[in-house]
Amino acid sequence: MIEMPSLVDQYCHGVLRTELGLGTFEAHLARTEGPPAAGTTLFDTQTGFAVRRWCPPLLGLEPHCPPARYLARRRELGVLEAGRRLLRGSGITTYLVDTGLPGDLTGPAEMAATGAAEAHEIVRLELLAEQVADTSGTVESFLGNLAESVHGAAAHAVAFTSVAGVRHGLALAPEPPGPGEVRGAAGRWLAGRRVGGALSDPVLLRHLLWSAVASGRPLQLHAGLGEPGLRIDRTDPVLLTDFVRATAGLGTDLVLLHGYPYHRHAAHLAGVFPHVHADLGAVFLRTGARAADVLAEVLELAPFGKLLFSSGAHGLPELHVVGACLFREALSRLLGDWVTGGAWSPADARRVAEMIAAGNARRIYGLK
Amino acid sequence: MIEMPSLVDQYCHGVLRTELGLGTFEAHLARTEGPPAAGTTLFDTQTGFAVRRWCPPLLGLEPHCPPARYLARRRELGVLEAGRRLLRGSGITTYLVDTGLPGDLTGPAEMAATGAAEAHEIVRLELLAEQVADTSGTVESFLGNLAESVHGAAAHAVAFTSVAGVRHGLALAPEPPGPGEVRGAAGRWLAGRRVGGALSDPVLLRHLLWSAVASGRPLQLHAGLGEPGLRIDRTDPVLLTDFVRATAGLGTDLVLLHGYPYHRHAAHLAGVFPHVHADLGAVFLRTGARAADVLAEVLELAPFGKLLFSSGAHGLPELHVVGACLFREALSRLLGDWVTGGAWSPADARRVAEMIAAGNARRIYGLK
Amino acid sequence: MIEMPSLVDQYCHGVLRTELGLGTFEAHLARTEGPPAAGTTLFDTQTGFAVRRWCPPLLGLEPHCPPARYLARRRELGVLEAGRRLLRGSGITTYLVDTGLPGDLTGPAEMAATGAAEAHEIVRLELLAEQVADTSGTVESFLGNLAESVHGAAAHAVAFTSVAGVRHGLALAPEPPGPGEVRGAAGRWLAGRRVGGALSDPVLLRHLLWSAVASGRPLQLHAGLGEPGLRIDRTDPVLLTDFVRATAGLGTDLVLLHGYPYHRHAAHLAGVFPHVHADLGAVFLRTGARAADVLAEVLELAPFGKLLFSSGAHGLPELHVVGACLFREALSRLLGDWVTGGAWSPADARRVAEMIAAGNARRIYGLK
Chain A
1 MIEMPSLVDQ YCHGVLRTEL GLGTFEAHLA RTEGPPAAGT TLFDTQTGFA
51 VRRWCPPLLG LEPHCPPARY LARRRELGVL EAGRRLLRGS GITTYLVDTG
101 LPGDLTGPAE MAATGAAEAH EIVRLELLAE QVADTSGTVE SFLGNLAESV
151 HGAAAHAVAF TSVAGVRHGL ALAPEPPGPG EVRGAAGRWL AGRRVGGALS
201 DPVLLRHLLW SAVASGRPLQ LHAGLGEPGL RIDRTDPVLL TDFVRATAGL
251 GTDLVLLHGY PYHRHAAHLA GVFPHVHADL GAVFLRTGAR AADVLAEVLE
301 LAPFGKLLFS SGAHGLPELH VVGACLFREA LSRLLGDWVT GGAWSPADAR
351 RVAEMIAAGN ARRIYGLK
Chain B
1 MIEMPSLVDQ YCHGVLRTEL GLGTFEAHLA RTEGPPAAGT TLFDTQTGFA
51 VRRWCPPLLG LEPHCPPARY LARRRELGVL EAGRRLLRGS GITTYLVDTG
101 LPGDLTGPAE MAATGAAEAH EIVRLELLAE QVADTSGTVE SFLGNLAESV
151 HGAAAHAVAF TSVAGVRHGL ALAPEPPGPG EVRGAAGRWL AGRRVGGALS
201 DPVLLRHLLW SAVASGRPLQ LHAGLGEPGL RIDRTDPVLL TDFVRATAGL
251 GTDLVLLHGY PYHRHAAHLA GVFPHVHADL GAVFLRTGAR AADVLAEVLE
301 LAPFGKLLFS SGAHGLPELH VVGACLFREA LSRLLGDWVT GGAWSPADAR
351 RVAEMIAAGN ARRIYGLK
Chain C
1 MIEMPSLVDQ YCHGVLRTEL GLGTFEAHLA RTEGPPAAGT TLFDTQTGFA
51 VRRWCPPLLG LEPHCPPARY LARRRELGVL EAGRRLLRGS GITTYLVDTG
101 LPGDLTGPAE MAATGAAEAH EIVRLELLAE QVADTSGTVE SFLGNLAESV
151 HGAAAHAVAF TSVAGVRHGL ALAPEPPGPG EVRGAAGRWL AGRRVGGALS
201 DPVLLRHLLW SAVASGRPLQ LHAGLGEPGL RIDRTDPVLL TDFVRATAGL
251 GTDLVLLHGY PYHRHAAHLA GVFPHVHADL GAVFLRTGAR AADVLAEVLE
301 LAPFGKLLFS SGAHGLPELH VVGACLFREA LSRLLGDWVT GGAWSPADAR
351 RVAEMIAAGN ARRIYGLK
């Protein structure tokens, strides 16, 4: 058995502050376009089964108890107390929180307090630009305010994140757009935009990416599964190859989020380029009983110093729990098997476990 | 051990009525372009080994006996009696039969009689259009007769199937073609066509897909491995994403056939869209000793209420047997492991096994 | 336990003749763009762990000893003696050596002497063309000399290899270019070229491929992982489908090298086309403890008579050792499991092991 250290969750969101009924809870188990098909439920997924395995014991129930029983107990404790028990039972001691999703979600400070942990903010570039656009009257003021906002965010945030792949696809031109190009795109976007309008213009998305790269903060790029997007093959991380090559040697780290089902491609890029790292986010939450097998696929090509645990959780503290528990179990089982078979030494296995669980993230994000 | 219920084979073809020699039998073990390479045989494949494992005992022989010995016994019994023993030994109690392939194959009624089972017809859209074209003199009569034929088929068939991916690739424009566009394409196709000529025009393929969607019957789309086609990446089910989105909410179910080696993509679509389901056809027949592992990959993202067993068998009743036996063994082993490890509860495992084996198909196709 | 026969390494390079320090040794463990990231080492990869597992015992050390200890012992023995112990401990009895990489590498004769084995040369088409260009004054003499060189190489080499996928991508027009097209491309290339300049013109790459096909010698095509290239998806072997189809029936065998992470696609092509074979090179060297699992994925679709072992090693004899040891262990474990579970017979497992280890290569390359 490989002992697992405490975890740095290097990419997650906050949790909902409101009490949840069965339907609302179920809706947060997966990212779908539309409600579950008649005759089916989102509880009948690897995510649903994993929640039912790991979470009931933290609230004093039997594993695999029926969803309705679990939700009743959750309401009995209240959303705050349930959240406290769950987050504190997860084994996560540092949360990096992407604050860029809408909804009544806890921020980093509240995550830290509820989870008795540390927490830092990840700033989502597209939201930042949309917020700046909401309050800027002209193209010049938009671009000036945006530069200032990115600069300001870099001072307090631990990282930037971008959903360019979900908004447009990752097949973006790799070089930074020229100033005239950016001004033109900003003008067209602002002219056609209502307050709150989403940014999907490829020139402005590239401008954001390069602004973040210039800041020196690590840049997390959504790839593979993540938020529902246009078409999953447009978020294959291999499409980032030329952008990755263009940003090599500039001193800014890139982190490929999620990756799955293109996780072998993300691992390949982490193996070839010194500044590229691969996140394990979607693996655990989405694949449940299969977590060890999918993790093993990432561990083929990715150097062990370039892999980062995250829960990828959003909305339900249950998802932070499931991400953390499945990670610990999967990594422990996998490395344990390799040690037993003689492929790895016990000391190496312990060392690699610590690197993926926390050490690599501490190094890249400069955490204590 | 998870007990397995009787199976609904939701996609297969009939079996050959003629006695087979070693060479003809071998040719049905794989779909190749050309005969086996000198010095090799198609028996030396996962399919060949699986046939030799599962079928000889049903004809009173030892597992893994040499192919020539097996074929001799098969001829000794006669094609009818051998077929009866094989199909009745498969554990399949309902066959959905695609009648759209050429050759002297048994239809649904004969499959039912031979296998002591139920059977229903699946109508292949492209063949339907080709048959209508063979007997229609003008564009107007072709389109009118086609509409009538689709309408008629919807009344007696259990589903439609399309090989648009094999004929043209799945990267089809997602919206229905306009009436003028369809008339133009039909005119060009009929003018250049000889009797029996195959349909590969993308406008007419889309017209067929949308005619089937309008009928309300489930529509099965070939993806990934299936029939030999142009190029396998052109049948990646992810290419259907926009078509899937365009057909959402219309009340017609889509079933992605085969999928492999893009089965994780098919599972992803089944997870995101309520009306999409994933078939397991090619998994068992093609990957043999690897069936449990490939099945496990599909079980990562696909909701358990959206997965359907099929054999995908064609020509040889041995392939129905292999599909069914490998499915039962693989699912039983996989779910058994998850129960043993505590990831799933025994009750959930039994319930999911029944859903994939038969329940989901009964719900989607309205079977008793 | 399946006993393993001696191995034919059907694709590798020579080993370095110079003594190596820790840094130079480490640099040969992976193919990266840039040095390892600060705080990481290329020893912390599956390749690094596999070298530390398999090689120290051949030099009289404990498995998994620290890299510095291993390198010290290696220098103590001297590069020649260390190379002799390693290669002779690998179990490889025939090496097919691609001589087309730069550096002070041993050629086939030296590999044979050092390893107490047989060795044959594989000629790299692009290097051949570049060497001819270096010494040809005109387009006519270049094309004439090239034809003569290919003809000459076919007489002594065991195979040709091409890195067209790395230089341009595998999405090449499938048919041979016309003579005028070739002359035009050669003229443009020679005019713009300095001595030693690399060939990446798609017309000339296609001309080389078709020259090799015409020679009748097996043609090895780099696909998937291999040398660092433009973008990995441009080396997906599925992109070769039309070229494969165009070369069917001409009597020349094609071998898809590496394949991973598109190894299932390579296996698919080997299953569909009689003249296509799949190499296992990158699997073992790159994925280490995962070798059996990745090998298993190739064994889904590839006919057992179409799979070829190779180490894919370059520069370090340690990599020949790792490739061979991981192959033997992985295949033995995998087939052993299938025999234990009843899926394969012991006799079939032994037969298939021998085919993949050596027999298929002997047949295809006409080795004794």
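In the order they appear, the protein sequences are chains A, B and C. UniProt numbering numbers the first residue of the first sequence as 1 and each following residue consecutively. UniProt numbering numbers the first residue of the second sequence as 1 and each following residue consecutively. UniProt numbering numbers the first residue of the third sequence as 1 and each following residue consecutively. Even for Gly, the Cβ is constructed at its ideal location relative to N, Cα and C.
{"Query": "Rounded to whole angstroms, how far is the Cβ of H275/B from the Cβ of A27/A, which I believe are closer than 8 Å?", "Result": "With a Cβ gap of about 18 Å, H275/B and A27/A do not count as contacting."}
{"Query": "For G281/C, count neighbouring Cβ atoms within 10 angstroms of its own Cβ and tell me buried if that reaches 16, exposed if not.", "Result": "buried"}
{"Query": "If contact means a Cβ-Cβ distance below 9 Å, which residues of the stretch 302 to 319 of chain A contact chain C?", "Result": "A302, P303, F304, G305, K306"}
{"Query": "Taking 8 Å as the cut-off, decide whether the C-beta atoms of G224/B and P176/B are in contact.", "Result": "no"}
{"Query": "In terms of DSSP beta bridges, what is D9/B paired with?", "Result": "Y95/B"}
{"Query": "Between E121/A, V132/A, G196/A, L256/A, which lies nearest to E148/A when the distance is taken from Cα to Cα?", "Result": "V132/A"}
{"Query": "Do we get a CB-CB distance below 8 Å when we pair G89/B with the residues of chain C?", "Result": "no"}
{"Query": "For a contact defined as C-beta to C-beta under 8 Å, what are the partners of residue 390/C on chain A?", "Result": "No answer is possible for residue 390/C: the residues shown for chain C start at 1 and end at 368."}
{"Query": "Please state the DSSP three-state secondary structure of G180/C.", "Result": "helix"}
{"Query": "Of all the alpha helix (DSSP H) runs that stay within the bounds of the stretch 47 to 114 of chain A, which reach a length of 4 or more residues?", "Result": "67 to 77, 79 to 88"}
{"Query": "DSSP state of V166/C, grouped into three classes?", "Result": "helix"}
{"Query": "Would you report the Cα separation of G115/B and Y95/B, rounded to the nearest angstrom?", "Result": "9 Å"}
{"Query": "When the Cα atoms are used, what is the spatial distance from L316/A to A212/B?", "Result": "40 Å"}
{"Query": "Would you kindly report the start and end of the unbroken alpha helix (DSSP H) that includes I364/B?", "Result": "360 to 365"}
{"Query": "Kindly indicate which three-state DSSP category H258/A falls into: helix, strand or coil?", "Result": "strand"}
{"Query": "What residues from chain B crowd round R73/A, counting only those whose CB sits closer than 9 Å?", "Result": "Those do not exist, as R73/A stays about 17 Å from chain B at its closest Cβ, beyond 9 Å."}
{"Query": "Report the neighbours of R53/A on chain B: residues whose CB is nearer than 9 Å to its CB, in chain order.", "Result": "G342, A343, W344, S345"}
{"Query": "Kindly give me the distance between the Cβ atoms of E318/B and L86/B, rounded to whole angstroms, as I take these residues to be in contact under 8 Å.", "Result": "6 Å"}
{"Query": "V182/C and Q220/C - do their beta-carbons sit closer together than 8 Å?", "Result": "no"}
{"Query": "Under 9 Å between beta-carbons, which chain A residues line up against D348/B? List them in chain order, please.", "Result": "D44, F49, R52, H64"}
{"Query": "Which chain A residues are close to G259/B, counting only those with a beta carbon under 8 Å from its beta carbon?", "Result": "None at all; the shortest Cβ gap to chain A is about 12 Å."}
{"Query": "Assuming G14/B and G107/B form a contact by the criterion Cβ under 8 Å, report the distance between their Cβ atoms to the nearest whole angstrom.", "Result": "6 Å"}
{"Query": "Just by C-beta distance, which residues in the stretch 26 to 44 of chain B are closer than 9 Å to chain C?", "Result": "A30, R31, T32, E33, G34, P35, P36, A37, A38, G39, T40, T41, L42, D44"}
{"Query": "Counting contacts by CB-CB distance shorter than 8 Å, is F83/C in contact with chain A?", "Result": "Sequence check: residue 83/C is Gly here, not Phe. Output row for G83/C: interface = no."}
{"Query": "Mind checking who Q220/A pairs with in its DSSP beta bridge?", "Result": "T161/A, V255/A"}
{"Query": "In the stretch 282 to 303 of chain B, which residues sit with their C-beta less than 8 Å from some C-beta in chain C, listed in chain order?", "Result": "R286, T287, G288, A289, R290, D293, V294"}
{"Query": "Could you tell me whether the stretch 229 to 242 of chain A touches the stretch 229 to 244 of chain B, using the rule of 3 or more Cβ pairs below 8 Å?", "Result": "yes"}
{"Query": "Beta strand (DSSP E) containing R124/C: first to last residue?", "Result": "118 to 124"}
{"Query": "Please name the residue or residues paired with H277/A in a DSSP beta bridge.", "Result": "V255/A"}
{"Query": "Going by DSSP, which residues form a beta bridge with L307/B?", "Result": "A278/B"}
{"Query": "Does P274/B get closer than 8 Å to chain A when you measure Cβ to Cβ?", "Result": "yes"}
{"Query": "Hey, out of F49/A, Q46/A, E76/A, A50/A, whose CA is closest to G60/A's CA?", "Result": "E76/A"}
{"Query": "Indicate whether V321/A and L42/A have their beta-carbon atoms separated by less than 8 Å.", "Result": "no"}
{"Query": "Can the beta-carbon of V8/C be found closer than 8 Å to that of L29/C?", "Result": "no"}
{"Query": "Nearest to D201/A by CA position, among F273/A, D279/A, V166/A, A153/A, is which residue?", "Result": "V166/A"}
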